[in-house]
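With the sequence shown counted from 1, adding 42 to any position gets you this note's numbering.
The beta carbon of each residue, even a glycine, is placed where N, CA and C say it ideally should be.
Structure, as structure tokens:
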Amino acid sequence: MSESPAGRVPEGAAPAVPPTTAPCQPRAAPGPSAPAGDQAAPAAERPAAVEFRDVTKIYTSGGGRTAVAIDHVSFTIPDLVGHGEISSFLGPSGCGKSTVLRLVAGLEPQHPPTSGTVTVLGQPVVGPSADRGMVFQDYTSFDNRTVVDNVAFGLECRGVARRTREAEALDWIARVGLDPLRDAGKYPHELSGGMRQRVAIARTLILRPRVILMDEPFGALDPATRLDMQDLLVRLWHEVEATVLFVTHSVEEAVYLGDRVFVMATTPGRIAEEIHMPAASAPARETQSQPWFHEQVHRLQERIERIEAEAQRPNGPG
Ligand SMILES: Nc1ncnc2c1ncn2[C@@H]1O[C@H](COP(=O)(O)OP(=O)(O)O)[C@@H](O)[C@H]1O
Ligand SMILES: [Mg+2]
């Protein structure tokens with residue numbers, strides 16, 4: 043994994059990951075928001091946190107070639123009051139995981155879908171919005187800003203006064219397990235991969251998004267750091283009570299983190315299975331030694347292998 047060059051525009055930069063070091067970007071479009079009084083509504087009456095209804099995305103390349111990235115994808119992730127949920131999206135490369143996530147984020151060229159509807163908190167997605175924060179695998183911090191200025195960036199864009207935003211940023215730096223005294227003044231190149239992802243998470247969560255979109259955020263980390271980051275995510279997610287959509291290649295990660303796991307198949311990209319899992323309540327290392335965990339991982343690994351074998355057959359699946 044290479045490091046982001048200075049000022050590089052992170053692919054698919056969401057509002058929490060602004061695309062330049064230059065002035066803050068204006069909101070691209072009004073984002074969906076929950077209707078007034080919605081918080082009090084019982085779960086059955088509340089709009090879903092995220093809903094895909096029959097969503098197809100076909101990319102057209104320069105030469106007029108088309109590629110069906112996802113085909114008639116439908117799923118519903120409920121908005122649980124004071125709770126939130128982590129949904130894992132698991133599947134082989136090219137099955138449309140990033141397409142799904144970026145459609146929720148409202149980012150081009152995935153947005154808008156070719157057909158079907160994507161809604162967040164009951165409102166159709168019309169573009170990016172700060173109520174959906176995104177964390178990528180690539181380290182997306184600004185190389186010429188210190189940790190505290192990276193974490194405070196979104197608040198700066200919102201016009202929050204320096205003293206207030208720095209105090210809040212220092213609080214978040216501590217909450218993601220960094221040392222405010224030692225680390226706040228460092229630049230990204232002085233940090234390890236795990237520390238940089240902690241900064242990326244702090245920078246996203248400081249804006250309190252209702253929906254957090256994570257695209258293989260721990261994919262470049264070593265196994266031990268990865269487990270630490272999984273524990274951190276579960277702890278923070280309990281605090282912020284957001285709905286998390288988490289894309290991963292790792293079956294273990296999907297099973298540990300996910301309250302539900304969407305298994306995706308390829309050619310064309312689609313949801314093959316939706317499985318409910320026990321919520322992550324114990325630390326990752328403890329959970330991963332339990333029999334139910336091994337059974338689920340084994341079953342899902344076999345499922346993914348079958349999906350990969352099908353995709354490699356000359357006539358594809360079916
Ligand atoms: N901008 C694009 N233009 C053309 N094809 C694309 C584009 N983005 C993704 N694809 C294709 O769509 C399919 C799904 O891609 P993606 O959502 O990135 O899958 P995943 O994240 O599961 O690896 C792949 O076949 C990929 O090559
Ligand atoms: Mg991807």
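Coarse secondary structure for residue i, derived from DSSP in three states
i      : result
Lys228 : coil
His125 : coil
Thr267 : helix
Ser75  : Bear in mind that a pLDDT of 39 at Ser75, under 50, signals an unreliable position, so the number given afterwards is only what the model happens to contain. Coil, per DSSP.
Met176 : strand
Met319 : coil
Val115 : strand
Val303 : strand
Ala109 : strand
Gly311 : strand
Val218 : coil
Ile349 : helix
Ser140 : helix
Leu274 : helix
Leu212 : helix
Glu150 : coil
Glu283 : coil
Arg355 : coil
Ile243 : helix
Arg238 : helix
Leu233 : coil
Arg341 : helix
Contact under 9 Å by Cβ, residue i with residue j
i      : j      : result
Ala194 : Ile128 : no
Ala91  : Leu163 : yes
Gly236 : Leu263 : yes
Met176 : Thr290 : no
Leu255 : Arg312 : no
Val282 : Gly124 : no
Val142 : Leu299 : no
Ile119 : Thr285 : yes
Val276 : Val339 : no
Ala242 : Ser183 : yes
Leu132 : Ala296 : yes
Asp121 : Arg224 : no
Cys199 : Met306 : no
Leu274 : Arg240 : yes
Pro310 : Val110 : yes
Val190 : Ala211 : yes
Bridge partners - residue i, DSSP secondary structure assignment
i      : result
Val162 : Val92 and Gln165
Met256 : Val177 and Phe288
Val4   : The requested residue 4 is not part of the displayed model; the chain covers only 43 to 360.
Ile100 : Val110
Phe195 : Answer by DSSP bridge pairing: none, since Phe195 is not bridged.
Ser135 : Beta-bridge pairing links Ser135 to no other residue.
Ser157 : Thr98
Ser183 : DSSP lists no partner for Ser183.
Ser130 : Phe288 and Val303
Cβ separation of residue i and residue j, assumed to be a contact under 8 Å, to the nearest whole Å
i      : j      : result
Ala87  : Gln179 : The residue asked about is misnamed: residue 87 is Glu in this sequence, not Ala. No, Glu87 and Gln179 are not in contact; Cβ-Cβ is about 37 Å, not under 8 Å.
Leu278 : Arg217 : 7 Å
Thr159 : Pro166 : 6 Å
Gln152 : Lys99  : 6 Å
Pro222 : Asp185 : Not really, about 21 Å apart at Cβ, beyond 8 Å.
Ala353 : Pro154 : 27 Å between Cβ atoms; not a contact.
Phe260 : Arg250 : Not a contact, Cβ separation roughly 22 Å.
His318 : Arg302 : 5 Å
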